[in-house]
Structures are given as C-alpha cells and as structure tokens.
Amino acid sequence: MDTVFDTGDALGPARVIHVQQAHLGLRGILVVDNVAAGPAIGGLRMATDVTLQECQRLARAMTLKNAAAGLAHGGGKSVLIADPHQAPEKKEQLIRAFACALKHESDYIFGPDMGTDETCMAWVKDEIGRAVGLPSELGGIPLDQIGATGWGVFHATDVALPYLNIALSACRVAIQGFGAVGQHAAHYLCDAGATLVAVSDTGGTLYDPDGLDFSALRALKRQGHSVADYHKGKKLAADAIIGVECDVWIPAARPDVVNGSNVAQMNTRLVVQGANIPFTHDAELALFNQGVLVVPDFIANAGGVICAAVEYRHLSQQVAFGTIEEKVRDNTAEVLSNARRQNIPPRRAAEVMARSRVESAMAMRRWGGF
Ligand code: NAD
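In this note's numbering, the protein residues as written are 2 to 371.
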C-alpha cells in the first residue's frame, strides 16, 4: 500500500508541490492526486506531525471520496507542518503565505480540515479567490459549524445498523475525538435516541455505560476544557476509548489510531469512520474477519465535501443537508450490499465503485488525468 504512494499509480498523484519559506517558518505540501472529474477539492490540514505520506494518502482518499459521492471534483490535499494552536496572527500569516504560493494551482480548491476552520478559508479566499467551507458572511456554508460531516456520519450509521439488527434507539455509541465531526455526529445520534457511552479528546476518555450528557459535554468543550474534566463518569486514558464496549465506534480524530497493536482491544459491532484513514489496512481486515462491520471513511465522512461542492455552486444550506442525506445513504447502502453479496470488506466494495467512476472520467479526458 505505502509503496504505491512512493511512486504513484494509475490514478495519481498528478502533482506534488513542496512550499518552503524559512523566514516565515512556512513548510507546506500540496498533493493534487487526480483531476479527471474536475478541480480537486480537499482540506488544508495543519499539524506539527503531518507528513508527505499522510498528505498523499489523504489526497487519494479525497479522489475516491469525491468520485464515490458522484461529485464533479477530483481529489487533493494540502498540509502545513505547524502548530495549529500558535498565535492567531502568526497562523494567519502562514496560511495567507501558503495560499499565495499556490495561487496558480487552479486545479486545487482549499477546504478546511484538522487545524483549520472557516476563518482560515476566508483568508485563503481573500488571497487567491477560491476556497470552500467559507463563513456565511462570505456566502459560504460553514460546514463545521452546521455539522455537515457529522450529519453524513449519522446517516451512514442509520443505514448500517439494520445489517446488525440493532435499533438506533437501542444502540450505544463511543466517539473518539470531540471536535467538529465528533460533536455533530454525537448530536444527531443522541437526538435520534442513541446512547453516548464514551467520548474522548486529547485530554482523555470519559466513560459512562448509563449514558453521557451530550449538551453538558459540548458546553464544557466550548469553555476550552477536555471531556475528561467532566464531573460525572469514569475518566480513562485517551487511548482507552478503543476498548470501550459499545455497538457503534466512531473515530473522529487522527489517522491510524487503530492498528495492529490495539485492534484486538476493540469491543464493538459497527465502526463508522468519521476521521480520514483512522485504521490501518491490517486492522480493518482483522475486524472484517471477526464480523465487525466497518463503513469506510470516504463513504461515511463525505458530508463535508458534498457540502463544499454545493457551496461552490452557490446553492443553499438546505440543499446541502438534503444532498448529503441522499448521497451518503445511497452510497452506504450500495457499498454494504455489494460487500455482503461478494463477502468482501466494505472498503474493497467502496474502492471498486469509486475507482470505476474515476477511470470512466479519465477515459473521457484527452490525457487521462489533466
Ligand atoms: P477537530 O480538530 O475539530 O477535532 C479533532 C478532535 O480529535 C479534537 O477533539 C481533538 O482533541 C481530538 N483528538 C486528537 N487526537 C486525539 C487522540 N489521539 N485521541 C482522542 N482524541 C484526539 O477535527 P475535525 O474537523 O472534527 O476532524 C476530525 C477527523 O475527521 C479528521 O481525521 C478529519 O480529517 C476528518 N474529517 C473532517 C471533516 C470535516 O468536515 N471537518 C470531513 C471529513 C473528515
């Protein structure tokens, strides 16, 4: 898998661009993976530990996600190797400089991702005239504020649960990461009657088999605290959420959090991947062999990019919610039914579906991908 990304494969990457400006402390990378279906949409991630390999894998995930969602967009990703919690004026300078450096890469449309938000996209738009995930004041649909991805994760969960004969109202949910995706997924699931038994953030895990109070936890986060600071429930280490007994486990934090070293701890029946590439390939295969159903990232978390594509066409928030619901439900149903019929992991079924759409788009382009 990783060697494919060292050299590229039939789908991409089309371009890899490194941006450095030592006196600003600017170190960034853009990977445009495939643009056969249209300009690439993909988030800008800001983190101190982000790598070229992570960027390439995320760019490919966007190619497949956009194709799976049936969008007229290819896949790309950009990363800034920097602390997202640094002084705001310094962060703004880095993001503006990075955007300027990529001004002429018109095949790439910036969106928000971990460590960046709507305000960051406003800076990008101000510099280069194109970005999605903008604040509403700039005509955008603020996808993190409205919970576009969490809305899709909720629908993917709702479609998958009947495969395990679990009612939504009876299901116990654990969520790793309580940011934009995790909080909104929790919100929609709790509203529909699910019980939130565990949540985690970098500060730790909070666990209560009788159910956690979602609104109280959201308020705590808004005050800048960790979920582990809540006065009720059992406090555990951040990684302990992996072994929590539940029906649905939702990763909404970092890549590769479940891997060969900890997959045996998992105690769930369904995984709905809110985060991008949260499990290693081996870990996902081990779960498949144990009968744990995994709705893969680029099917379950497509809500954000569907919303971005709707925004790019200047359509409304209402249209975005309706489109996310329809596309995520349809794609989850198609993937799970193909996977069950062929007895293959859902990710495999999803990749076959998405790749065939990318290849069809490439066949209609003179040079294939650009
Ligand atoms: P965010 O920065 O808003 O939230 C991330 C959360 O994860 C925070 O609560 C943080 O404390 C927590 N976290 C980080 N490392 C952790 C760890 N080791 N253990 C437990 N918690 C940890 O980010 P987000 O926008 O919610 O994105 C989360 C994931 O979902 C990322 O993988 C992102 O690529 C993916 N994603 C986001 C969107 C979107 O619309 N925002 C869309 C698709 C996919």
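Positions of the beta carbon are idealized from the N, C-alpha and C atoms, including for glycine.
What you are looking at is a predicted structure, and each value in this text was computed from that prediction instead of being measured.
The Cβ-Cβ distance between residue 146 and residue 254 does not fall below 8 angstroms. Counting along the chain, residue 201 sits inside the beta strand (DSSP E) bounded by residues 196–202.
DSSP, reduced to helix, strand and coil, places residue 154 within a helical segment of the structure shown.
Residue pairing by DSSP puts residue 47 in a beta bridge opposite 81. The beta carbon of residue 244 sits no closer than 7 angstroms to any heavy atom of the ligand NAD. Shown here for residue 84: same chain residues with a beta carbon closer than 6 angstroms to its own, the five before and five after excluded, namely 49 in chain order. With a cutoff of 7 angstroms, residue 257 does not count as near the ligand NAD, since its C-beta is closer than that to no heavy atom of the ligand. Taking the Cα positions, residue 294 is about 44 angstroms away from residue 90. Annotated three-state conformation of residue 233 is coil, per DSSP. Here residue 268 is near residue 244, since their CB atoms are less than 8 angstroms apart. Per the coordinates, the alpha-carbon of residue 86 lies some 16 angstroms from the alpha-carbon of residue 181. Checking the DSSP bridge columns, you'll see residue 349 has no partner listed. In summary, residue 301 is buried, with 16 or more beta-carbon neighbours lying within 10 Å of its beta-carbon over all protein chains present. Annotated as proximal: residue 33 and residue 106, with beta-carbon spacing under 8 angstroms.
Comparing alpha carbon positions, the residue from 310, 132, 160, 62 closest to residue 335 is 160. If you look at residue 110, you'll find it in the beta strand (DSSP E) that goes 109–113. Under the 8 angstroms Cβ criterion, the segment 68–85 does not count as touching the segment 127–147, having fewer than three qualifying pairs.
Proximity of the segment 322–337 to the segment 201–212 falls short of the contact definition, fewer than three beta-carbon pairs being nearer than 8 angstroms. Approximately 13 angstroms separates the beta-carbon atoms of residue 12 and residue 299; this is outside 8 angstroms, ruling out the contact. At a Cβ-Cβ threshold of 8 angstroms, residue 111 and residue 29 do not count as neighbours. With respect to the 8 angstroms criterion, residue 287 and residue 258 are not classified as neighbours on the basis of their beta carbons. By DSSP's assignment, residue 289 forms no beta bridge with any residue.
If you check the CB distance, residue 60 and residue 359 do not come in under 8 angstroms. 348 is the residue among 348, 188, 131, 323 whose C-alpha sits nearest the C-alpha of residue 283. The residues 227, 229, in chain order, have a CB closer than 6 angstroms to that of residue 204 in the same chain once the five nearest residues on each side in sequence are set aside.
Counting along the chain, no alpha helix (DSSP H) covers residue 271; the unbroken beta strand (DSSP E) around it starts and ends at 271–273.
Assignment of residue 281 by DSSP, reduced to helix, strand and coil, places it in the coil class.
Its chain contains 350 as the residues whose beta carbon lies nearer than 6 angstroms to that of residue 339, once the 5 sequence neighbours on both sides are disregarded; these appear in chain order.
Rounded to the nearest whole angstrom, the C-alpha separation of residue 289 and residue 139 is 44 angstroms. Secondary structure note for residue 118: it is in no beta strand (DSSP E), with a DSSP letter that is neither H nor E. A Cβ-Cβ contact shorter than 8 angstroms links residue 172 with residue 195.
At a Cβ-Cβ threshold of 8 angstroms, residue 45 and residue 81 count as neighbours. By the neighbour-count criterion, in which 16 or more other beta carbons inside 10 Å mark a residue as buried, residue 158 falls on the buried side. Between the C-alpha atoms of residue 68 and residue 233 there is a straight-line separation of about 43 angstroms.
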